[in-house]
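Data block below; observations after.
Protein chains: 4
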Amino acid sequence: MATKKFAGPSPYTFKPSYPVEDYLHTEYFNNVTTNHSTKSQAKPVVAAIFGLGRAGSIHLSSIVRNPRIVLKYIVDDRPENFDNLRKYWDLSDDVVMIMSKDADRVYKDKDVNVVFIGSPTYTHHDIVVKSIAANKDVFCEKPIAENIEDTKKCYEAAKSKGRVLFAAFNRRFDPAYRGLKERVRKGEVGHVQILKVTARDSPLPSIDYLKTSGGVFHDCLVHDIDMSCWVLGELPIRVQSTASALIPEVKEIDDFDTIAFLLTFPSGAVAIGDNSRFSTYGYDQRLEVFGNRGMIKVENERPCHSTETLVGHEGLKQTPIYYSFPSRYRLAYIRELEHFLDIVQKGVPMEVTSWQTLAVSKIATVAEESARTGRTIDIDWSKDDIPAVYS
Amino acid sequence: MATKKFAGPSPYTFKPSYPVEDYLHTEYFNNVTTNHSTKSQAKPVVAAIFGLGRAGSIHLSSIVRNPRIVLKYIVDDRPENFDNLRKYWDLSDDVVMIMSKDADRVYKDKDVNVVFIGSPTYTHHDIVVKSIAANKDVFCEKPIAENIEDTKKCYEAAKSKGRVLFAAFNRRFDPAYRGLKERVRKGEVGHVQILKVTARDSPLPSIDYLKTSGGVFHDCLVHDIDMSCWVLGELPIRVQSTASALIPEVKEIDDFDTIAFLLTFPSGAVAIGDNSRFSTYGYDQRLEVFGNRGMIKVENERPCHSTETLVGHEGLKQTPIYYSFPSRYRLAYIRELEHFLDIVQKGVPMEVTSWQTLAVSKIATVAEESARTGRTIDIDWSKDDIPAVYS
Amino acid sequence: MATKKFAGPSPYTFKPSYPVEDYLHTEYFNNVTTNHSTKSQAKPVVAAIFGLGRAGSIHLSSIVRNPRIVLKYIVDDRPENFDNLRKYWDLSDDVVMIMSKDADRVYKDKDVNVVFIGSPTYTHHDIVVKSIAANKDVFCEKPIAENIEDTKKCYEAAKSKGRVLFAAFNRRFDPAYRGLKERVRKGEVGHVQILKVTARDSPLPSIDYLKTSGGVFHDCLVHDIDMSCWVLGELPIRVQSTASALIPEVKEIDDFDTIAFLLTFPSGAVAIGDNSRFSTYGYDQRLEVFGNRGMIKVENERPCHSTETLVGHEGLKQTPIYYSFPSRYRLAYIRELEHFLDIVQKGVPMEVTSWQTLAVSKIATVAEESARTGRTIDIDWSKDDIPAVYS
Amino acid sequence: MATKKFAGPSPYTFKPSYPVEDYLHTEYFNNVTTNHSTKSQAKPVVAAIFGLGRAGSIHLSSIVRNPRIVLKYIVDDRPENFDNLRKYWDLSDDVVMIMSKDADRVYKDKDVNVVFIGSPTYTHHDIVVKSIAANKDVFCEKPIAENIEDTKKCYEAAKSKGRVLFAAFNRRFDPAYRGLKERVRKGEVGHVQILKVTARDSPLPSIDYLKTSGGVFHDCLVHDIDMSCWVLGELPIRVQSTASALIPEVKEIDDFDTIAFLLTFPSGAVAIGDNSRFSTYGYDQRLEVFGNRGMIKVENERPCHSTETLVGHEGLKQTPIYYSFPSRYRLAYIRELEHFLDIVQKGVPMEVTSWQTLAVSKIATVAEESARTGRTIDIDWSKDDIPAVYS
């Protein structure tokens, strides 16, 4: 009876509590108690979505399942697909499908108050400008526009019209990354010394896509750079980078597939990043923060992550990591959408600010220059209109 | 340049593929290609839901997000909550809320073709019988009725009317458990020797709940027993069990909180189970299968499972396991609902058959008898109308 | 500079400490400080070893590396191997090699004060008796003798001569299992409800070995039973077991290869065990303890356990678990030897007591009876001369 | 009986094999079969050891347990400790203890054929030179000497005398790192794109130690750089580095505590490293290699790594990582010693060549310069006498 003495009082005498990490239980608890503080109490928004390609499909799948949104328009230039779409998504006849040449119908429709943009990059600027001019709030896949000047103008237009212009940096809405950031900001690891970010793409993007992607620094590394600054709450003052093109097709278009960088921050923290255009084993996304009190890291998420197999002498096998950004960041996309609706419907502050987007873009430009020239580049942010304190 | 010789051909020469384990990518891929074979191509069903308590809330949250369902009725006996519900869930005025005494309105409404039952156990039988009589398909939280005879009658009624009567054994729809079962059935671990199932409840259920739960063998162990038979594809011929009541309040109502059992199967396989009414560290749910070729096991799933923390000498810390059944089995609930809709809308075969439900119930009864008497009990299935080959 | 505020005082102001779990650091620390309290301060013992088969080889490899022991005799009946042995182990000419028929030379040699027995089971009793009669301390592979009566007599002889008779239950000296036991006994998981022990053998023992092994209950399950009682600190009062012989050759000799058991303890705790004669994936050894405050478990140890591989879509791969008992329990064997030397040289109390060995043997006998008859068997320990309080 | 059909033939029909990863089983198998090809067949070497501080104690603990070595001299300048040492290590009277001023006795003793050097860095050169002049083989803790010129001279002396001069780069002998290197060199991950090495020290070294350590680049980063080149099999042509001194005491002596670097290799591979003088959570040592076929990584090793704890809502807890280099690399030290003995006794080629040691030293110098000046530095190895093909 050696351990019976440790039995202690009945568990019925305990005050129940649960771990905050179980965000699904929180959601359930709010549901079962109809906890209104967590919910919109607002009429659903009426929405149009532009573009149903890779990113558009992701957003559409969230939109049709979200009772806070009534979808009214789909704008896409493959009309031969419209019937399929209607059947596949069980869309009612109230959903109007049009081509982009007829997009004015959307802008003129006063019922529509939000616009989702998932169409090709070169179309973003035009849709943003017209939507804001028509007093609609905008959710736009990054980038807002093809250059910094146009991006700035879009933000200024949004500001003057009092409209929301939301650049979709999906990784910020991943529960694991967000948890890491919040714990770092509360000081759990102390003063950060090293931040390490790894991003290796899967599947391999087509060369056609790469040609119009703006280059790997602007297409991919912006995310890694955004993660670094967002977690650390500061902007780097020194950038060092190196890059190789090991895939012949990538070399041919004068882009890179293998990139590493160092960012030195005013506090003495250093961000280390590595990025690749292709990983055979899936979409490798990791983040690690080391400070004078300890370390927090987010390793790769995997479906059915707790399944383990041992057959013969092959060793312990677990499931592959997520294959692609839509599967890895599925939750992030859903939560990003909820955040956007919270901004629009409930007035919560937008988490991805205009100047953050612009700063990240500048760092990417500088990093590419460092890789191409072999030079270390220092940045003086006082020259830009960037807040001294990143929040 | 030691490894350059391994570079091989450009990845652009590879035929892309992805791992089947990434079911979220499969879903994305179907969405982006509007793959109709995976979708309903059917008009949404019109539904009523009875009961918005613990289980009902889970199903409601899935229903309002599912475009395959139009919710028409909520039947619940807390009318003071109706306004809250409408606001919280952004329900349109088309959703009718009534009390159970007015449930005839549902049965008489010819638009309604499916009924979801999440109300207290003692109400199930009546709602099932009336819904089936009114030609509606039924999704019912287990148990279908309070005893085996009434359960049999419900199934017979459904059969004679050609209606679906679906008993919600949620664990079968968990992607990890399902993956394990399919791999075992394909022979990946060979002839199964040992199956091990662990289930420890969290949070601690109230004593009021326990009093009407039918006892832990019928409330909880039915799931463990169902898992064992479902994975192995056979029914046990010998049952041995032992049980303790270590929590005084549980002992007082003559129930158990700590249970272990052995099931011996005709093939020589042995299932080992342990079950507890309360685990302080969360909802512990594990399954392991060992055969002459190897082992597959499903350990506990955790939110943000890939987050690791190392602070001081406390050791490596990872997130807590899911706290409760709604968070742990959230995906299972969503997929269970999709399966029910596939039965109703597309005619796919029902996976939880009537006789499986009845066999599990009988084993639970026998296991309780073994624990209470200390005797080993052999079962002769030929006396029951149970198929020789479990599928 | 968001996290700089958390920098705090210089680490040079901290008082250093290290985690007790790092037993290798403790050893290093003792070495670098020549901490005598941890060491023998005694003259090396002079030893003979009987038998250089499977177990003997393990002990020999520890003995030749242990400066606390001077090896004087090797007794083995394969003299054709003696030259090889001397060369392989770099043994000096001072080591005498003889056959068992000449073992009297060992017993009569007054220099020899300890005897290690790794020879076949049927020889144990004779060597034990003669060694003790000659005033030598004895380290004996289990079992001490072929039946309980002879075992009792050996212990009595050792007691009357004031000699050490140590039965080698190696698992108790594994750092992971020992850590688990100590934490359980300190109440870390509270009152234990469930203890789970898994043991699956690898490699497959030869049928010749099995024929003389005494059966799987006495050859293997004694370890699982010993683990259960040792961790819980009590003896079971109810035994339920089931067993199959799925390997034809095992069935033919009327033994079992697949065994499961339930032990119910006076405190209400239940031990669940499963055991197999053969696992294709290595030597599977696990232990789990669940109590009203939480759970501690020891999963399989693996060489290079932190190596992870991700190649293509095969999933995450880690190293195989240890293949065999000599590799899995290598550390346990070394520490077991140190414990024996501590008993002999420093008078520390022997951890594996005579009555524990006898109780485990009785439980194994009862478990086999339960499996063969299908009956539950209750044990009344008051009939035996077994202490009420297991320590 | 669903899975019985997969039973297949009896396992007694299989040809047994075991996984090569289980190096402890290999050792056992060699022992039990007295496999001479794996063993020395040589007379033990006669050894002297200089210095019994941090490193010396580690080597002494291996030496006294190694039957291939007869220890004859301990040379140390704390004679007040000699009695303690003799008792603590159970050393026989044959072991002579002297002070360094009497070291000539060692050099002149023709019995002594190997010398181990663990004394302070500034003494290395003198002991190396005299030992080699006296025809002894030398095992020397890094660095061989305090500057590159002296180091070169030592190697030249060893070469001209035909003696072994072994620089102890312990990490190369860690089974996990070695396994990774061998698999990379066989092409398992294809052409390497990214190599990532993390090294964070624990415990915090004293400032007195740091003052004479030669700076973090030469004291610590040499190991990270050696790992990078050793695994990749090439030398970098571009070095970029950044460093901070966040600990005031470290800043004061103009050293760094937080370092990151990028090495670009001729093949296009990039090595990324981060290094810290202090980690609160233990000795953090990781290595990762990513290539066009996949990734292999070695995460932190931990004692009792398979122990898991779940108590309350604290989350899943595992043991802390090893606290220090002697515990983390205990196996590496033992295997490094065996390699040295294999060189001396059996003539196997030395794995740590002179020019590798010199190249690593040069890269460390260049990396420090990059961190201090902010400049990228390119290296032209053709100017040095370094082989084009690193093996």
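Residue numbers (UniProt numbering), protein chains in the order written: chain A, 1 to 391; chain B, 1 to 391; chain C, 1 to 391; chain D, 1 to 391.
Glycine included, C-beta positions come from ideal geometry on N, C-alpha and C.
Which residue from the options puts its Cα closest to that of residue i?
{"i": "S244 of chain C", "options": "C:R105, C:A103, C:V216", "result": "C:V216"}
{"i": "F256 of chain D", "options": "D:M295, D:Y73, D:F278", "result": "D:F278"}
{"i": "D90 of chain D", "options": "C:V75, C:V106, C:V45", "result": "C:V45"}
{"i": "R183 of chain C", "options": "A:T3, A:E156, A:M350, A:D109", "result": "A:T3"}
{"i": "L263 of chain A", "options": "A:Y333, A:D342, A:A167, A:T376", "result": "A:T376"}
{"i": "V164 of chain A", "options": "A:P266, A:I144, A:K211", "result": "A:I144"}
{"i": "D385 of chain B", "options": "B:Q193, B:T309, B:K362, B:G312", "result": "B:K362"}
{"i": "K108 of chain B", "options": "B:L180, B:D380, B:A133", "result": "B:A133"}
{"i": "T121 of chain B", "options": "B:K152, B:S202, B:D219", "result": "B:D219"}
{"i": "I146 of chain B", "options": "B:V197, B:D102, B:S213", "result": "It should be pointed out that residue 146 of chain B corresponds to Glu in this sequence rather than to Ile. It is B:S213."}
{"i": "K72 of chain D", "options": "D:V129, D:K87, D:F50", "result": "D:F50"}
Does DSSP classify residue i as helix, strand or coil?
{"i": "R330 of chain C", "result": "helix"}
{"i": "V186 of chain D", "result": "Note that residue 186 of chain D corresponds to Lys in the displayed sequence, not to Val. It is coil, neither helix nor strand."}
{"i": "C140 of chain A", "result": "strand"}
{"i": "D208 of chain C", "result": "helix"}
{"i": "T123 of chain D", "result": "helix"}
{"i": "Y323 of chain D", "result": "coil"}
{"i": "M1 of chain C", "result": "coil"}
{"i": "I194 of chain D", "result": "strand"}
{"i": "V75 of chain C", "result": "strand"}
{"i": "K317 of chain D", "result": "strand"}
{"i": "I225 of chain A", "result": "helix"}
{"i": "A42 of chain A", "result": "coil"}
{"i": "T33 of chain C", "result": "coil"}
If the criterion is Cβ atoms closer than 8 Å, does the pair residue i and residue j meet it?
{"i": "P326 of chain C", "j": "Y18 of chain D", "result": "no"}
{"i": "V189 of chain B", "j": "V289 of chain B", "result": "yes"}
{"i": "E301 of chain B", "j": "H305 of chain A", "result": "yes"}
{"i": "E336 of chain B", "j": "A168 of chain B", "result": "yes"}
{"i": "A271 of chain D", "j": "S228 of chain D", "result": "yes"}
{"i": "A269 of chain D", "j": "Q193 of chain D", "result": "yes"}
{"i": "N135 of chain B", "j": "G8 of chain D", "result": "no"}
{"i": "Q285 of chain D", "j": "R330 of chain D", "result": "no"}
Am I right that residue i and residue j are in contact with their C-beta atoms under 8 Å? What's the rounded C-beta distance?
{"i": "F116 of chain B", "j": "F82 of chain B", "result": "In fact, because the Cβ distance is near 17 Å, the residues do not count as touching under 8 Å."}
{"i": "S276 of chain D", "j": "N31 of chain C", "result": "Going by Cβ atoms, the distance from S276 of chain D to N31 of chain C rounds to 26 Å, so no, they are not a contact pair."}
{"i": "T309 of chain D", "j": "G294 of chain C", "result": "7 Å"}
{"i": "A48 of chain D", "j": "G118 of chain D", "result": "Between G118 of chain D and A48 of chain D the Cβ distance is about 11 Å, and since that is not below 8 Å, they are no contact."}
{"i": "D77 of chain C", "j": "S61 of chain C", "result": "Incorrect: roughly 20 Å between the Cβ atoms, too far for contact."}
{"i": "D22 of chain A", "j": "P320 of chain B", "result": "7 Å"}
{"i": "A157 of chain C", "j": "V239 of chain C", "result": "A157 of chain C to V239 of chain C, Cβ: 31 Å. No contact."}
{"i": "S10 of chain D", "j": "E249 of chain C", "result": "6 Å"}
Q. How do the region 308-323 of chain B and the region 347-356 of chain B stand: do at least 3 beta-carbon pairs fall below 8 Å, yes or no?
A. Touching, no.
Q. Is the region 62-71 of chain A touching the region 6-17 of chain B, taking contact as three or more C-beta pairs under 8 Å?
A. Taking a cut-off of 8 Å for Cβ pairs, the region 62-71 of chain A and the region 6-17 of chain B do not touch, as fewer than three such pairs fall below it.
Q: Check whether the region 199-208 of chain B touches the region 172-181 of chain B, taking contact to mean three or more Cβ pairs, one atom from each stretch, closer than 8 Å.
A: Because the criterion of three Cβ pairs below 8 Å is not met, the region 199-208 of chain B and the region 172-181 of chain B do not touch.
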